[in-house]
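Scroll down for the structure; my scribbles are underneath it.
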Amino acid sequence: MKTGLDPIYKAIASVRLPGAKRWLLVGIALALVASYFSGQFNRYYLGVWMDCGINIILAVSLNLINGHTGQFSLGHAGFMSVGGYTAAKLSLVYSPSVPPEWHPVLLCAGLLLGGLASAVAGFLVGVPSLRLRGDYLAIVTLGFGEIIRVIFQNTEAVGAASGLSGIPKYTTLGWTFGVAAITIYVVAALVNSTYGRGFLAVSDDEVAASSMGINPTRYKVTAFVLGAFFAGIAGALYAHHKQTLTPTQFDFMKSIDIVVMVILGGMGRTGGVILAAIILTWMPEMLRGFADYRMIMYALLIIALMMLRPQGLFALNFKRKGGGAA
Amino acid sequence: MDSFFQQLINGLALGSIYGLIALGYTMVYGVLRFINFAHSDVLMLGAYAAFFLAPKVQQIVPLPGLAGALIVMLLAALICAAAGMLIEFLAYRPLRSRPKLTVLITAIGVSLFIEFTCQHKAVFGAANRAFPKLIDFPNFTFLGLTFTSLNVIIVLVTAALLAGMWFIVQRTRTGAAMRAVSFNQQAAALMGINISRIITFTFGLGSALAAVAGVLYALGAPAIEPLMGTQPGLRAFIAAVVGGIGNLPGAVLGGILLGLLETFAGGIPGLSTYRDAIAFAILILILLFKPAGLLGKATVEKV
Amino acid sequence: MLEVLNLAVSYGSIKALHGITLQVPEKAIVTLIGANGAGKSTTLRAISGLVKSSHGSVKYDGQEINGMPAHKIVARGLCHVPEGRMVFANLTVEENLRMGAYLRRDAAGIREDLDYCFHVFPRLRERLSQLAGTLSGGEQQMLAIGRAVMSKPRCLMLDEPSLGIAPILVRNIFKQIVAINQERGITVLLVEQNANLALKISSFGYVLETGRVILENTAEALRDDPQVQAAYLGH
Amino acid sequence: MSQPLLKLDQVTIQFGGLTAVSKLDLAIGDREMVGLIGPNGAGKTTAFNLITGVYQPTAGRIEFAGLPIAGLKAHELTKLGVARTFQNIRLFGSLSVLDNVRAATQLHRSHGVINALWRGRAFRESEKEVRSFVMDLLGIFKLDGCADEEAKSLPYGDQRRLEIVRALATKPKLLLLDEPAAGMNPTEKEALMHLIRFIQEKFQISILLVEHDMKVVMGICERIAVLEYGVKISEGTPAEIQSDPRVIKAYLGTEDDEENVEVVHA
Chain A
34 MKTGLDPIYK AIASVRLPGA KRWLLVGIAL ALVASYFSGQ FNRYYLGVWM DCGINIILAV
94 SLNLINGHTG QFSLGHAGFM SVGGYTAAKL SLVYSPSVPP EWHPVLLCAG LLLGGLASAV
154 AGFLVGVPSL RLRGDYLAIV TLGFGEIIRV IFQNTEAVGA ASGLSGIPKY TTLGWTFGVA
214 AITIYVVAAL VNSTYGRGFL AVSDDEVAAS SMGINPTRYK VTAFVLGAFF AGIAGALYAH
274 HKQTLTPTQF DFMKSIDIVV MVILGGMGRT GGVILAAIIL TWMPEMLRGF ADYRMIMYAL
334 LIIALMMLRP QGLFALNFKR KGGGAA
Chain B
2 MDSFFQQLIN GLALGSIYGL IALGYTMVYG VLRFINFAHS DVLMLGAYAA FFLAPKVQQI
62 VPLPGLAGAL IVMLLAALIC AAAGMLIEFL AYRPLRSRPK LTVLITAIGV SLFIEFTCQH
122 KAVFGAANRA FPKLIDFPNF TFLGLTFTSL NVIIVLVTAA LLAGMWFIVQ RTRTGAAMRA
182 VSFNQQAAAL MGINISRIIT FTFGLGSALA AVAGVLYALG APAIEPLMGT QPGLRAFIAA
242 VVGGIGNLPG AVLGGILLGL LETFAGGIPG LSTYRDAIAF AILILILLFK PAGLLGKATV
302 EKV
Chain C
78 MLEVLNLAVS YGSIKALHGI TLQVPEKAIV TLIGANGAGK STTLRAISGL VKSSHGSVKY
138 DGQEINGMPA HKIVARGLCH VPEGRMVFAN LTVEENLRMG AYLRRDAAGI REDLDYCFHV
198 FPRLRERLSQ LAGTLSGGEQ QMLAIGRAVM SKPRCLMLDE PSLGIAPILV RNIFKQIVAI
258 NQERGITVLL VEQNANLALK ISSFGYVLET GRVILENTAE ALRDDPQVQA AYLGH
Chain D
37 MSQPLLKLDQ VTIQFGGLTA VSKLDLAIGD REMVGLIGPN GAGKTTAFNL ITGVYQPTAG
97 RIEFAGLPIA GLKAHELTKL GVARTFQNIR LFGSLSVLDN VRAATQLHRS HGVINALWRG
157 RAFRESEKEV RSFVMDLLGI FKLDGCADEE AKSLPYGDQR RLEIVRALAT KPKLLLLDEP
217 AAGMNPTEKE ALMHLIRFIQ EKFQISILLV EHDMKVVMGI CERIAVLEYG VKISEGTPAE
277 IQSDPRVIKA YLGTEDDEEN VEVVHA
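Protein chains in written order, with this note's numbering: chain A, 34 to 359; chain B, 2 to 304; chain C, 78 to 312; chain D, 37 to 302.
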């Protein structure tokens, strides 16, 4: 698609290519600086920006599955909850016995553990993806999400239906955007390599990809595992941001929200997806005055998007350029 | 032992409702190859239509009463048929040649739209409403088992409608056209079949079934509310896939299996709260090992 | 009877037809020949309304039918037997034939045409209650043609009737195409790989190459044309 | 011919009651160019799909370099050295020309997920190598000029060529071409014949050409097998094939074939 902004995107892409790692460091540094001054911010705005960061992680990681690899997951909220509950439980158990200066380490451990637990779940969901496609796959991932939710709802150790509360507030702007930067880097760096072209090839034509020596199974499972890993981390950040977790926070609607971010941004278009995550996080806040109509408008947005621009609103694109990022 | 048969009867009735809803899913899927997520909301609309119609009908025909109940149900079915056709016309027809996932997401959007609109205070409001009593259903005892007449009615209505649908699809000209469209839209068009009209008709029929199911479901439920369709809708959808989506008897079979499962799991302490998870687990297993469902026919992908 | 003027079709960015012009006179058999992918099938599909043309005109009986939905074109008596036959595999032979008569209400006429189909293709009578999917390729082709005849067309478009069929059956099918043409007065527009056979039964032919008509002439002249002989007749 | 590279031994496949390919014997030697021809629907594509692992034979054996390959997945087959093109072009449409070929170099590339994330020196070297390998390959086929364009935006002929280049990037021992001349006019077919001959000489590989167009096959193949109705009715050099009465009857149609059809002229 040609737009007037094409030269700008090209410029961004060309600046980015030499030394991708440098941009990762810049991103993390910016997040830390912002975090340092976050005391100055209005608490409400700060909270919404943290939501933004978490949603960016969710959307970019789902984009690896739904966008780059062409699978269709409607269960991202399930992965998120696995990470969230794991990390929250860890903090609830250990935070009283850990000195305050070690709390970031505890959070870090929670993020990793949550991510890993979620990655295991991602592997379990990824395996059926080998046999199913399209709407059937969507239904199965939706089913997995629901199963995970029902399990949490019935597990006393995580508070069953009333969930977990009193989770320490460890999440900061620095953590959310730091992790967001890492997520973006990982997905972009992965896809922008010869190895990563395999994801796109599988997405474009699985039969042809297989005939070119690409093992579609491996790529699909990798996408699910990595996507779930970051969703789990997002869930962990979410738990230490909201401080309470209930199973209903991770229902089907939450998965839909993330899918809409990916679609609005354009499947497989990292830049657009980031922008969409920010817009869709802020939109409900802006529309608070129209609370009664907010969700109706949201539903109409989905329908209108599918009819008018199924390829996504934004043509922002950092990838699919010829060269690698070397 | 008695309680076993009692559970069996309850499960059969619940499963019949699921089967009835599943019939609608399956017919639309059979013809159009896509999952109409808004089907469960049409069911809710059917219940609300009956809710608002009942007082009006009561002025002419006495309620509770069989005749009155039938009239209410019929009117609700007509309203929902119109609603279903309207949804198809506005939301799905423009997307007919688009990828399946686009249509799937649109269907989710339509479902959310109906749910949120109906929850709005200017429409139905989110609160529960007591559903009017359309018929008296006394319990009666037969062979030492207690039957609620509602359960019997549900099973009979489902059986009758399954037979009716089967007749339409297998024995009528329109049914033949539906099968033709389902098999190959292009070939059907070359027979002179107006594909759009057949699809609209299918949506109308499926939505009418959803309305009947909605009224029956509401009769047994304590109250109605705008999200009442979600749970039975989801189970019915699972039932349709388990039975082999696109297959009419399969839908009812799947529904009954799910209904029985739910009732029996409900009777086992500790398991009842897991029944959604169990239903989905069954769905996933079926899809993995018998992707075409219990009664469905496998199709081969061509290269 | 059928006049196609400057018909163009694109699939996405690929132009499949670059403006095809051809005429099919009443009661004639006209053939389109050309290599795989030359645009023969696309031409038929555009005429019958299965694909949308980007421009051009299709006149049938003097009336513009380009842009009409496929089912309305069938209703006018222009019937297309698509490549690959597309018989309803899960329906019986009889149901398939009756499906062809979908638009008709005259029970007696349908009965009569059914008998005519069995007269032309006796094999179909033997297989009456068999599922179409279990028929052999040749039988399916007979069924597809029979099904089209059931719609009482005045013009029949046949796409590759010999595709994947044993030679002995091909000859029979071509014989019956001629019979249908003569006995029923049905105009035939034929697309065929077996150019020898096709030109033998037709009066006029068009040669298509990469979406264009590169040659048109009487069938006889085409058969004698050295260029056609070399490229399509294998002499 | 010593040990053949590809060997089909009495391969049969049935779909439902229909035998699509029956007791097919076929052998392709090292650096040999073999053609498989037959009328539309004769079972050529089915035979092709049997070799490439899309279908499983109902009976018979398929061997590649002495190994049984029936039942292998497509990517495993590619790893052994069998590459293919598709009858209906199946490029990665949304990827650039360069990336289409790059994706096909997976097998011969040393780095994976970890390297792609760490982006160390070895990774950068390897990416550079891949890139220059791909550009060289594209250069040979004069496609380097459009390396950054989306594959689906290329003209038809270039897409066909790109598909062949993509297959070559997997460094095959045997290249299977499925109706590469479909949709080409005589001039393009001529160019295609030159191209295939060139590939065979330059890369020293075996080629199996499944084709409908007699002239193309006759023009470049050393040996030709003719299928009709799922059965191999003839095999030999182009000259032998051309004079085989069975082939003439099945494929070219004979005069008495046509005598049976009533001639009508308006």
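No residue lacks a Cβ here, since even glycine has one placed at the ideal position from N, Cα and C.
From a predicted model like this one, the values you see are computed outputs, not experimental measurements.
Apart from the five residues just before and just after residue i, which ones in its own chain have a Cβ nearer than 6 Å to its Cβ?
i: D/Thr82; result: Ala56 and Val57
i: C/Arg289; result: His95
i: B/Phe204; result: Gly85, Met86 and Glu89
i: D/Gln50; result: Thr94
i: D/Lys268; result: Leu60 and Ala261
Does residue i get closer than 8 Å to chain B when you measure Cβ to Cβ?
i: A/Ile296; result: yes
i: A/Met34; result: Low confidence applies to A/Met34: its pLDDT is 43, below 50, so where it sits in the model is not reliable enough to give any reading.
i: C/Leu127; result: yes
i: C/Glu172; result: yes
i: C/Phe165; result: yes
Just checking my contact of residue i with residue j at CB under 8 Å: how many whole Å lie between their CB atoms?
i: D/Pro40; j: D/Ala63; result: 4 Å
i: A/Gly207; j: A/Leu79; result: Not confirmed; about 12 Å, so no contact.
With distance defined between alpha-carbon atoms, name the residue in the options nearest to residue i.
i: C/Glu154; options: C/Cys194, C/Leu276, C/Arg181 and C/Ser130; result: Here the sequence assigns Gly to residue 154 of chain C, which means Glu is not the residue at that position. When only C-alpha atoms are compared, the closest one is C/Arg181.
i: B/Leu305; options: B/Ile80, B/Ala68 and B/Ala190; result: With chain B covering 2 to 304 only, the question about residue 305 of chain B has no answer from this structure.
i: D/Arg145; options: A/Ile247, A/Ala142 and A/Gly305; result: A/Ile247
i: D/Arg197; options: D/Val137, D/Leu42 and D/Tyr265; result: D/Val137
i: C/Pro199; options: C/Thr98, C/Gly126, C/Asp236 and C/Glu171; result: C/Glu171
i: A/Thr204; options: A/Pro137, A/Ile172, A/Gln73 and A/Ala193; result: A/Pro137
Just to confirm my understanding: we take residue i, look at its own chain, exclude 5 residues before and 5 after, and list those with CB closer than 7 Å. What are they?
i: B/Leu228; result: Glu116
i: B/Leu33; result: Ile200
i: D/Ile217; result: Residue identity check: residue 217 of chain D is Ala in the sequence provided, not Ile. Cβ neighbours of D/Ala217 beyond the five flanking positions: Lys225, Leu228, Glu247, Asp249 and Val252.
i: D/Ile277; result: Ile260, Val262, Ser270 and Val283
i: B/Met179; result: Val32, Val170, Ile199 and Thr203
i: D/Leu153; result: none
i: D/Ile125; result: Gln195, Arg196 and Glu199
So, for residue i: in the same chain, excluding its five sequence neighbours on each side, which residues have a beta-carbon less than 8 Å away from its beta-carbon?
i: B/Pro233; result: Ile18, Tyr19, Ile22, Ser41, Leu44, Ala214 and Tyr218
i: B/Phe148; result: Ile10, Asn140, Phe141 and Thr142
Between residue i and chain D, is the shortest Cβ-Cβ distance under 8 Å, so that the two count as touching?
i: A/Ala222; result: yes
i: C/Ile91; result: yes
i: C/Gly114; result: yes
i: C/Ala225; result: no
Should residue i be flagged as near chain A, meaning a C-beta pair shorter than 8 Å?
i: B/Lys134; result: no
i: B/Leu144; result: no
i: B/Pro227; result: no
i: D/Thr114; result: yes
i: D/Thr82; result: no
i: D/His230; result: no
i: D/Ala227; result: no
i: D/Gln142; result: yes
i: B/Tyr275; result: yes
i: B/Ala282; result: yes
Against chain C, does residue i count as a neighbour if the rule is that its beta carbon must be under 8 Å from one of theirs?
i: B/Asn185; result: yes
i: B/Arg305; result: No answer is possible for residue 305 of chain B: the residues shown for chain B start at 2 and end at 304.
i: D/Tyr91; result: no
Inset, instruction - Indicate whether the contact test is met: 3 or more Cβ pairs, each with one atom in the stretch 68-77 of chain B and one in the stretch 99-115 of chain B, closer than 8 Å. - result: no
Inset, instruction - Could you tell me whether the stretch 74-93 of chain A touches the stretch 147-155 of chain A, using the rule of 3 or more Cβ pairs below 8 Å? - result: no
Inset, instruction - Kindly confirm or deny that the stretch 121-131 of chain A and the stretch 323-336 of chain A touch, where touching means at least three C-beta pairs closer than 8 Å. - result: no
Legend entry - Any 3 or more C-beta pairs closer than 8 Å across the stretch 218-236 of chain A and the stretch 87-105 of chain A: yes
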